[in-house]
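For reference, the structure is listed below as structure tokens.
Numbering (our numbering), first residue to last: 243 to 501.
What follows is the structure in structure tokens.
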């Protein structure tokens, strides 16, 4: 990805296409964010913001600020992340981009979750969900439902957690979103595990693992292996528990090696 983006950067610079350069900087920043290189990600986002000043495009500013907020949150710089997202919401009437507004609210919800402010998090998640439903953004609607389910799990409301995960799963199955399906089955499996219903947990975790392998989602595969190991240990099947624990450690080594 970086190879092609750097080539694009050289051509855009030669043609003095500042409007295009902004998006290439943004894309490069997202690649660095994916591999956890937050200083480089921040550097390219700030370049994009600086370059966009001459374009006077608030909608693009909002896109960049959402990404900058995510990186600041990952670095533990919560106050800076709050400022980034709240500035996006200041621009919402000017930009009239409901998808961008929904993402800012969704990201704010995660910041509140990090701080343990679950009611504020839930309020922002529900606002984001309402916008996503209003514009028929099914993929992100499912993501909102999934994360609301995880939030209810933290709030010890197992019934609402499960209900949200099941609706998210249904949408993701219709979209044939294998990565999303893996995440939903993992979360449903985890809920059953916490309820000590180990057989139903294993059934869902097996489905999660199959979807994770099909979509090559290493993080979801790692989560499946970890919970499967815990389930088999709880059932007293130590041989299978050890087998899945080995898979879990192997997958984590692979993930770290690639990073």
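Even glycine gets a Cβ: it sits at the ideal position worked out from N, Cα and C.
None of the values given here were measured: they were computed from a predicted structure.
- Here the stretch 297-311 makes contact with the stretch 335-351; the two share three or more CB pairs at distances below 8 Å.
- In the assembly as shown, residue 257 is an exposed residue. Its beta-carbon has fewer than 16 other beta-carbons within 10 Å.
- For residue 446, the CB contacts under 7 Å within the same chain, skipping 5 residues up- and downstream, are 427, 430, 431, 434 in chain order.
- Residue burial annotation: residue 312 is buried, with at least 16 other C-beta atoms found within 10 angstroms of its C-beta.
- Inclusion of residue 388 and residue 410 in the CB contact set at 8 Å is warranted, their separation being smaller than that value.
- The Cβ-Cβ distance between residue 290 and residue 264 falls below 8 Å.
- With fewer than 16 other CB atoms across the displayed protein chains lying within 10 angstroms of its CB, residue 298 is exposed.
- Annotation: residue 355 to residue 274 spans about 24 Å, alpha carbon to alpha carbon.
- Sixteen is the threshold: when 16 or more other Cβ atoms of the shown chains lie within 10 Å of the Cβ of residue 490, as they do, the residue is buried.
- Fully enclosed alpha helix (DSSP H) runs of no fewer than 4 residues occupy 360-376, 380-396 of the stretch 359-415, in order along the chain.
- Between the beta-carbon of residue 339 and that of residue 301 there is about 5 Å, and that keeps the pair under the 8 Å contact cut.
- The beta carbons of residue 358 and residue 501 sit about 28 Å from each other, so the pair does not count as a contact at 8 Å.
- Excluding its 5 nearest sequence neighbours in each direction, residue 317 has C-beta neighbours in its own chain below 7 Å: 280, listed in chain order.
- Residue 257 sits in coil when the DSSP states are folded into three classes, being neither helix nor strand.
- By the criterion of at least three beta-carbon pairs nearer than 8 Å, the stretch 450-458 is not in contact with the stretch 491-499.
- With a threshold of 16 other beta carbon atoms within 10 Å, residue 423 meets it and is buried.
- Minimum Cα-Cα distance from residue 462 among the listed residues 286, 368, 497 corresponds to 497.
- Inter-residue distance for residue 395 and residue 377 is about 27 Å (C-alpha atoms, whole angstroms).
- Restricting attention to 438, 485, 450, the CA atom closest to the CA of residue 477 is found in 438.
- Around the Cβ of residue 484, a 10 Å sphere holds fewer than 16 other Cβ atoms; the residue is exposed.
- In this structure, DSSP gives residue 295 a state outside helix and strand, which the three-state scheme calls coil.
- Straight across, the Cα-Cα distance linking residue 248 with residue 271 is about 12 Å.
- DSSP places residue 333 in the coil class of the three-state scheme, outside both helix and strand.
- Taking C-beta atoms as the reference points, residue 386 and residue 371 count as a pair closer than 8 Å.
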